[in-house]
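Participant: For the sequence shown, UniProt numbering begins at 1 and goes up steadily by one.
Even glycine gets a Cβ: it sits at the ideal position worked out from N, Cα and C.
Sharing a structure, written as structure tokens. Questions coming.
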Amino acid sequence: MLHLKLLKLLPRCLATWIFRFLRDRRARVEVNGVHSSERVFRAGLPQGSVLAPTIYTLWAADLIETLRNASDRTDVLMYADDTATLSAGATVELAVARAQKSADALARWARHWKMSIAGQKTQALLLTQRSRDERGVQLLVNGTQVTGGTSLHLLGVTFDRLLHFKDHCDSLRRKVRPRTAQLRRMTGRTWGLREAQLRTVANGYVRGALEYAAGAWLPAASPSHVQLVERELLAAARVVTGCPRSTPRDPLLAEAGIPSAWSTRKTLAARTLCRALALPEDDPLRRVAEADPPTRLRSTTGWRQLGRSALIEAGAEGVTVEPRLEVPLLPWTTCRPIAFNLDVGPGGRRASSNETRREAARQHLAALPAQATWIWSDGSADAGVRRGGGGAVIFTASGETLEVEVAAGGLCSRTRAELFALRAALERVRDEPSPAPLVACSDSRAALSLLSAGAAAQTTTIGAAIWRTLLDIAERRQVTLQWVPAHCGLAENERADALAKQAATLPQGAVPSDARSLTRAVHRTATRQWRENWPDSFFKTIFGSTLPLPIPGEDREAAISVHQLRAGHWGRSLQYLHRIGRHPSVACLQCPDKRCPAALCAVCREEADVPEHVLLRCPALAGARLRLTGSIYVDPSRLRDADLVAALEAGYLRHREPLGYGPP
Numbered sequence: 001m002l003h004l005k006l007l008k009l010l011p012r013c014l015a016t017w018i019f020r021f022l023r024d025r026r027a028r029v030e031v032n033g034v035h036s037s038e039r040v041f042r043a044g045l046p047q048g049s050v051l052a053p054t055i056y057t058l059w060a061a062d063l064i065e066t067l068r069n070a071s072d073r074t075d076v077l078m079y080a081d082d083t084a085t086l087s088a089g090a091t092v093e094l095a096v097a098r099a100q101k102s103a104d105a106l107a108r109w110a111r112h113w114k115m116s117i118a119g120q121k122t123q124a125l126l127l128t129q130r131s132r133d134e135r136g137v138q139l140l141v142n143g144t145q146v147t148g149g150t151s152l153h154l155l156g157v158t159f160d161r162l163l164h165f166k167d168h169c170d171s172l173r174r175k176v177r178p179r180t181a182q183l184r185r186m187t188g189r190t191w192g193l194r195e196a197q198l199r200t201v202a203n204g205y206v207r208g209a210l211e212y213a214a215g216a217w218l219p220a221a222s223p224s225h226v227q228l229v230e231r232e233l234l235a236a237a238r239v240v241t242g243c244p245r246s247t248p249r250d251p252l253l254a255e256a257g258i259p260s261a262w263s264t265r266k267t268l269a270a271r272t273l274c275r276a277l278a279l280p281e282d283d284p285l286r287r288v289a290e291a292d293p294p295t296r297l298r299s300t301t302g303w304r305q306l307g308r309s310a311l312i313e314a315g316a317e318g319v320t321v322e323p324r325l326e327v328p329l330l331p332w333t334t335c336r337p338i339a340f341n342l343d344v345g346p347g348g349r350r351a352s353s354n355e356t357r358r359e360a361a362r363q364h365l366a367a368l369p370a371q372a373t374w375i376w377s378d379g380s381a382d383a384g385v386r387r388g389g390g391g392a393v394i395f396t397a398s399g400e401t402l403e404v405e406v407a408a409g410g411l412c413s414r415t416r417a418e419l420f421a422l423r424a425a426l427e428r429v430r431d432e433p434s435p436a437p438l439v440a441c442s443d444s445r446a447a448l449s450l451l452s453a454g455a456a457a458q459t460t461t462i463g464a465a466i467w468r469t470l471l472d473i474a475e476r477r478q479v480t481l482q483w484v485p486a487h488c489g490l491a492e493n494e495r496a497d498a499l500a501k502q503a504a505t506l507p508q509g510a511v512p513s514d515a516r517s518l519t520r521a522v523h524r525t526a527t528r529q530w531r532e533n534w535p536d537s538f539f540k541t542i543f544g545s546t547l548p549l550p551i552p553g554e555d556r557e558a559a560i561s562v563h564q565l566r567a568g569h570w571g572r573s574l575q576y577l578h579r580i581g582r583h584p585s586v587a588c589l590q591c592p593d594k595r596c597p598a599a600l601c602a603v604c605r606e607e608a609d610v611p612e613h614v615l616l617r618c619p620a621l622a623g624a625r626l627r628l629t630g631s632i633y634v635d636p637s638r639l640r641d642a643d644l645v646a647a648l649e650a651g652y653l654r655h656r657e658p659l660g661y662g663p664p
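Set out below in structure tokens:
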């Protein structure tokens, strides 16, 4: 390894450092405060070290070329120590023969480098539309007979021969159901975690498991299998909201704050496509993303096809994806002459008046060097997401005033527009010969916080470009980046804001958008389409196309009642209980008819006590509605207020209690 691989691929000094790092490694065990004797490890790598996967990648680098040259029409896929080959052929026999050549080449390479191949862990799968073709597929891997199966497990994803991912969805359901059961143990009708906490656990613990590597398989899954994923999301949503099983899908997911699997499917497909398009041109995944092969099966989709259609729906057709940052700045890059100030004192808080914020900013800025080059930059984006523009006004130390305008992209956040403005301004003064200090003022705390993390912490192309420019400038002058409060009457900031808004009207076609902005645009579009397609219901009458907020407070029972009432299936409704057979009468044991006497409101007997009647029309609550809202005729949109719904339900139950229906 040292002489035949590392010394050929790395400088000798680095290879020597790695060799000494791995040499004479010792370990001991501690049990109840007692230490064992030390043991020398003569093989292996330190677990958890970032060096381990890097050394393995160097070790196995030539394996990729060996497998590529083994046979025609064979693709090699490698992640850490998991290696897979995909061999294609016009017939099953030809494809299997090419796969066997790859297996033989792998075994020869392993023997040459004194490495053992786990033949018993090797899997084989034939991708075909005909089930009878998969029978009898056998490979010989390092002396072990490997028989083709009906599925293949690779990096946590189960593949089937049709690539419909049925087996994977089934395994996900088996994995997630115990997690949902554990979530159910965290709450009850009258006790449990707060709703915000339940939402966090449900999205991280349950939904996170469902969406593992979903960008690769969920866009290709058939509709029936996507529905299996949706069922598990519904189960988690019922735990969060306390709604019964009969609650319609869309109100249930919206009340729980869990997005539909169908909208998530589009978002993940677009994210995978954009990340692939951000790779270098010679990257194999980039070539797959740019390819446009003919589709043989109309019912079969994938992340490439679904991602393209999602980008078109989001208005991002033809938008160039910004290349990802391939070579980050070195961690030991020094930045001593560069200072970041993200505050102007207590007076600069948002809650303060404009006059207080302006005066605090002026006092703080007065302490900075007066004989300096000053940059005032700002960014603008339509609705915070579209048509970005950056503007800056520069006051040089020699007394010259410069203005900068730059387009930031058709799909762009305000923070990204701020970064475009700052980069353009810094590039404008980079070659200025004056040694006077440089002060750059921006009203975007998010942008400055991103940059203040350091040169090596930048993960975006624009962040790294700004830091490279800052380092060039800092070689000959002191640099200070200062946050200032926005829209408080600072003339320089208002001038930069006007330039940014004017820059937003510049042509945006040639400006690339980053993968994150494109993914967010698709997410907004997919979520909006989901909300707009909600079926007509009492829930849609209340919320229209907006999403409910988490219900605050610690009263779990009241929160559950609010969710049930707004979703249209209230567990304390006599009509609902009669429909499911829990409130029979002598004349009718069970029926869905809302005109049935057993389903009528126990207080007024005018109509069934469905949530619309209880919250909007019951005469017994006319006084409560007048007191709480100022009118006996409540606009349904007022029911977005959870406290109002809880108060109306409590009043209704108090009216019903003397009639023999138990305490509220």
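If you run the structure through DSSP and keep just helix, strand and coil, what is leucine 14?
Facilitator: Here leucine 14 sits in helix by DSSP.
Participant: Going by DSSP, what residue range makes up the alpha helix (DSSP H) through histidine 655?
Facilitator: 642 to 656 is the extent of the alpha helix (DSSP H) around histidine 655.
Participant: Where does the unbroken alpha helix (DSSP H) through cysteine 274 begin, and where does it stop?
Facilitator: Cysteine 274 -> alpha helix (DSSP H) spans 261 to 277.
Participant: Roughly how many angstroms lie between the CA atoms of leucine 648 and phenylalanine 538, to the nearest whole one?
Facilitator: Distance between the alpha carbons of leucine 648 and phenylalanine 538: 16 Å.
Participant: In chain order, what residues of the same chain have a beta carbon less than 7 Å from the beta carbon of arginine 557, not counting five sequence neighbours either side?
Facilitator: Going by the sequence as given, residue 557 is glutamate instead of arginine. Same-chain partners within the cutoff: Arg189 and Thr190.
Participant: Looking only at its chain, what residues have a beta carbon closer than 6 Å to the beta carbon of histidine 35, apart from the 5 residues adjacent to it on each side?
Facilitator: Only Arg28 meet the Cβ criterion.
Participant: Does DSSP put threonine 373 in a helix, in a strand, or in coil?
Facilitator: Threonine 373 falls in the strand class under three-state DSSP.
Participant: Starting from isoleucine 473, follow the alpha helix (DSSP H) in both directions and report where the run begins and ends.
Facilitator: That run of the alpha helix (DSSP H) goes 461 to 474.
Participant: Determine the burial state of cysteine 13: buried for a count of at least 16 other Cβ atoms within 10 Å of its Cβ, exposed for fewer.
Facilitator: Classification of cysteine 13: exposed, given that the 10 Å Cβ count is below 16.
Participant: For threonine 320 versus threonine 519, is the C-beta spacing smaller than 8 Å?
Facilitator: The answer is no: Cβ separation not under 8 Å.
Participant: Which residues does DSSP list as the beta-bridge partners of tyrosine 79?
Facilitator: Beta-bridge pairing links tyrosine 79 to Asp82.
Participant: How many angstroms separate the CA atom of serine 87 from the CA atom of alanine 110?
Facilitator: Roughly 20 Å separates the two Cα atoms.
Participant: Hey, out of Ala220, Lys175, Gly242 and Thr150, whose CA is closest to arginine 184's CA?
Facilitator: Here the closest residue by C-alpha is Gly242.
Participant: Please report how far the alpha carbon of arginine 654 lies from the alpha carbon of leucine 152, in whole angstroms.
Facilitator: Arginine 654 and leucine 152: Cα-Cα distance of roughly 60 Å.
Participant: On the CB-based measure, 16 or more other CB atoms within 10 Å of its CB, does threonine 74 come out buried or exposed?
Facilitator: Buried is the call here.
Participant: So alanine 27 is in the beta strand (DSSP E); what residue range does that whole segment cover?
Facilitator: Note, alanine 27: beta strand (DSSP E), 25 to 27.
Participant: With a Cβ-Cβ cutoff of 8 Å, do lysine 594 and glutamine 575 count as a contact?
Facilitator: Cβ atoms of lysine 594 and glutamine 575: closer than 8 Å.
Participant: Looking at the structure shown, is valine 393 part of a helix, part of a strand, or coil, going by DSSP?
Facilitator: DSSP places valine 393 in strand when its eight states are reduced to three.
Participant: Rounding to the nearest angstrom, what Cα-Cα distance links leucine 490 and arginine 358 in this structure?
Facilitator: For leucine 490 and arginine 358, the distance between alpha carbons rounds to 6 Å.
Participant: Flag this pair as touching only if the region 170 to 179 and the region 132 to 150 have three or more C-beta atom pairs under 8 Å; answer yes or no.
Facilitator: Cβ pair count under 8 Å is below three, so no.
Participant: Rounded to whole angstroms, what's the CA-CA distance from tryptophan 530 to tryptophan 262? Just pull it up for me.
Facilitator: Their Cα atoms are separated by approximately 8 Å.
Participant: Please confirm if the region 227 to 243 is in contact with the region 505 to 512, defined as three or more CB-CB distances below 8 Å between the two stretches.
Facilitator: These segments do not touch.
Participant: Quick check on this structure: which residue in Leu172, Pro248 and Glu326 has the alpha carbon closest to the alpha carbon of aspartate 283?
Facilitator: Among Leu172, Pro248 and Glu326, the Cα nearest to that of aspartate 283 is on Glu326.
Participant: Could you check where the beta strand (DSSP E) with serine 151 kicks off and where it finishes?
Facilitator: 151 to 154 is the span of the beta strand (DSSP E), which, as asked, contains serine 151.
Participant: Using a Cβ-Cβ cut-off of 6 Å (strictly less than) and excluding sequence neighbours within five positions of leucine 471, which residues of its own chain qualify?
Facilitator: None.
Participant: How far does the alpha helix (DSSP H) with serine 452 in it extend, from its first residue to its last?
Facilitator: That run of the alpha helix (DSSP H) goes 445 to 452.
Participant: Where does the unbroken beta strand (DSSP E) through tryptophan 483 begin, and where does it stop?
Facilitator: That run of the beta strand (DSSP E) goes 479 to 483.
Participant: For leucine 481 and chain B, any beta-carbon pair shorter than 8 Å?
Facilitator: Absence of chain B from the displayed structure is noted, only one protein chain being present.
Participant: Would DSSP call histidine 578 helix, strand or coil?
Facilitator: Of the three classes helix, strand and coil, the one that applies to histidine 578 here is helix, per DSSP.
Participant: Pull up the DSSP beta-bridge partners for arginine 386, would you.
Facilitator: Looking at the DSSP assignment, arginine 386 forms a beta bridge with Asp382 and Leu411.
Participant: Can you tell me whether DSSP reads alanine 608 as helix, strand or coil?
Facilitator: Three-state DSSP puts alanine 608 in a strand.
Participant: Between which two residues does the beta strand (DSSP E) holding phenylalanine 165 run?
Facilitator: Phenylalanine 165 -> no beta strand (DSSP E), and no H or E assigned at all.
Participant: Determine the burial state of isoleucine 312: buried for a count of at least 16 other Cβ atoms within 10 Å of its Cβ, exposed for fewer.
Facilitator: Isoleucine 312 comes out exposed.
Participant: Check whether the region 132 to 145 and the region 192 to 208 touch, using three or more Cβ-Cβ pairs below 8 Å as the test.
Facilitator: Judged by Cβ distances under 8 Å, the region 132 to 145 makes no contact with the region 192 to 208, as fewer than three pairs qualify.
Participant: Which value, in whole angstroms, describes the spacing of the CA atoms of tyrosine 633 and arginine 617?
Facilitator: Straight-line Cα distance between these residues: approximately 8 Å.
Participant: Does the distance from the C-beta atom of threonine 469 to that of glutamate 532 stay below 8 Å?
Facilitator: No.
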